[in-house]
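Numbering-wise (numbering that gives the first Met the number 0), the sequence shown opens with residue 0 and increments by one. Just so it is clear, CB atoms sit at the ideal spot from N, CA and C, and this is done for glycine as well. The structure under discussion appears below in the form of structure tokens.
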Amino acid sequence: MRNQIEFEVYGNYALFTDPLTKIGGEKFSCQVPTHQALKGIVESIYWKPTIIWYIDEVRVMNAIQTESKGIRPIEYSGGNTLAYYTYCYEQICQAHSYTQGLNGSARDKNAVVGLHTAIRGLDTTG
């Protein structure tokens, strides 16, 4: 059995913000989810301190489309201004992730158990 899981990430109006575009208040989404965002998605499926997930591959399933929207964000000093956020519209990508166990307790050294738990989590929650 391979030591990896596969899953699809999809959603309308995804915003994976590039730090360079946050300065002016207007946000522009990255075309593909960042490595850390995908790692966070995998860890939300199954997290254990003795397991490290690695993102091995990302495949874009649909053509990349962006859409800009005028948003009125609330400022810290009160009031609001008009800013434009550019979202990824109808983005679907498939990620392959594999796991590597760390030196934890003797009970956690069986990586297959953690992998099966993650696969069950994908099956039940989607």
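| Check | Outcome |
| --- | --- |
| Does the Cβ of V59 have 16 or more other Cβ atoms within 10 Å, making it buried, or fewer, making it exposed? | exposed |
| Tell me the rounded alpha-carbon separation between Y12 and C87. | 5 angstroms |
| For the putative contact between P32 and F15, defined by C-beta atoms under 8 angstroms, what is the C-beta separation to the nearest angstrom? | 5 angstroms |
| Say the cut is 6 angstroms; is the CB of T16 nearer than that to a heavy atom of the ligand MG? | The model on display carries no ligand, and the ligand MG is accordingly not part of it. |
| How would you call I51, buried or exposed, if buried means at least 16 neighbouring beta carbons within 10 angstroms? | exposed |
| Enumerate in chain order the residues of its own chain whose CB-to-CB distance from P72 is below 8 angstroms, with the five nearest sequence positions on each side excluded. | G24, N79, T80, A82 |
| I'd like the ranges of any alpha helix (DSSP H) spanning at least 4 consecutive residues and lying wholly in the segment 11-92. | 34-44 |
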